[in-house]
Amino acid sequence: MEKVFVYSSDLVPGMKIAETILNDYGAIVVSEGTVLDDNLIGKLKNLGIYRLQIFDREFIKVETKDVFQKKYNENVKKVKELIWDISIGNGFNSAKVNEVVDSVLEKADERSDIVNCLNQIRSADEYTYSHSVNVSLISLLIGRWMKLNDEKLRLLVQAGLLHDIGKTKVPFDILNKPGKLTDEEFEEMKKHTVYGYRILESVPLIDRDVLAAVLMHHEREDGSGYPTGLTGEKIHLITKIVSVADIFDAMTSNRVYKGKETPFDVFKYMEEDSIGKLSPVVVNVLLNNMANYYIGDKVRLNGGETGEIVYINPRSVSKPIIKVGNRYIDMMVEKDVKIQEIIS
Ligand SMILES: [Fe+2]
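In structure tokens form, the structure reads like this:
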């Protein structure tokens, strides 16, 4: 494929970049093969890059946020219908699931814009339905970063969409209880894994990996999960990916209630508290790929000053180096510094 030089002022969304762009600190801002969107073009201009190489003749149509949002809402609506059908005893509609799976998979060629779009549209309404779509999108991203083949990616999307389907059999007042669940209620809630398995086991052609993910997505590496307390080596990769995506989405969505959690708080949780619980391989893939996306973002720190994320240490992605004026703050060293908010 031929490479050509273009001026950064001529960049438009959809161009595929033909070189890896580093900032002054050696951190990758955009890697070769990435399809540009408005956000990335802004970052490249901020870096002061004058011209760069793109792949000639390869122009990928990038979805705008509006298009993404429209498709996303349609998918959420279909998941809602699917869940409603099961609740009222109409059975499981495979055709409808496949429609949503196809729609999610259409995004498989694009790169960073899923992260960008997901960050924009999270909302607290209709949590279960949008959570299912989010988990399938995040699972798809992780699968792609792990270079899984198309067949596995399809299973990941299915498993993500269906992982909590068993919640349709959990009593409504437990599912929607505002306060903490009693031990008894929690035991009932845990059964959504087994209920989900039962709903799907008789569905023709359902893949065993998808069934396993529905049953086991709350199992943990150290055996502390449910329903059976399996340990890491018994848990399939598809399930491990869905478990990480499930927790990641639940934590980032919680932002709506807690107000002040940034993605870096979630990264910190993933780095420190998920040890022994979630697959370290999958967590690392998520952290390294997601975190790089924030290089070049402007942040406000707990002292009130604003700065820019210039380097993310792969060994501790929750503690980046931040440039504030002419000063560099390494959060690995300056432990009192916290990121309060991401401004752009
Ligand atoms: Fe679940």
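Residues 1 to 344, numbered by UniProt numbering, are exactly what the sequence shown covers, in order.
Note that CB positions come from ideal geometry on N, CA and C, so glycine has one too.
On a predicted model such as this, the values are computed, not experimentally measured, just so you know.
- Straight-line spacing of the CA atoms in Pro-227 and Gly-296 works out to 43 Å.
- Here Glu-221 is buried: its Cβ has 16 or more other Cβ atoms, across all protein chains shown, within 10 Å.
- Here the alpha carbon of Gly-325 sits roughly 19 Å from the alpha carbon of Lys-45.
- In the structure shown, Asp-56 adopts extended strand secondary structure according to DSSP, grouped into three states.
- Closer than 8 Å to some heavy atom of ligand 1: that does not describe the Cβ of Lys-323.
- Contact annotation: Gly-160 and Ala-245 have beta-carbon atoms nearer than 9 Å.
- For Asp-164, the shortest separation between its Cβ and any heavy atom of ligand 1 lies below 8 Å.
- In the DSSP assignment, Lys-268 falls within the alpha helix (DSSP H) that extends over 263-272.
- In this structure Val-310 is buried. Its beta-carbon is surrounded by 16 or more other beta-carbon atoms within 10 angstroms.
- With a contact defined as Cβ atoms closer than 8 Å, Lys-80 and Ser-103 miss out at about 15 Å.
- Following the DSSP letters along the chain, one finds Asp-330 in no alpha helix (DSSP H) but inside the beta strand (DSSP E) bounded by residues 327-330.
- The Cβ neighbour count for Met-332, taken over all protein chains shown within 10 Å, is under 16; the residue is labelled exposed.
- Secondary-structure assignment with DSSP links Lys-180 through no beta bridge to anything.
- For the stretch 4-30, the continuous beta strand (DSSP E) assignments of 3+ residues that do not extend past its boundaries occur at 15-17 and 28-30, in sequence order.
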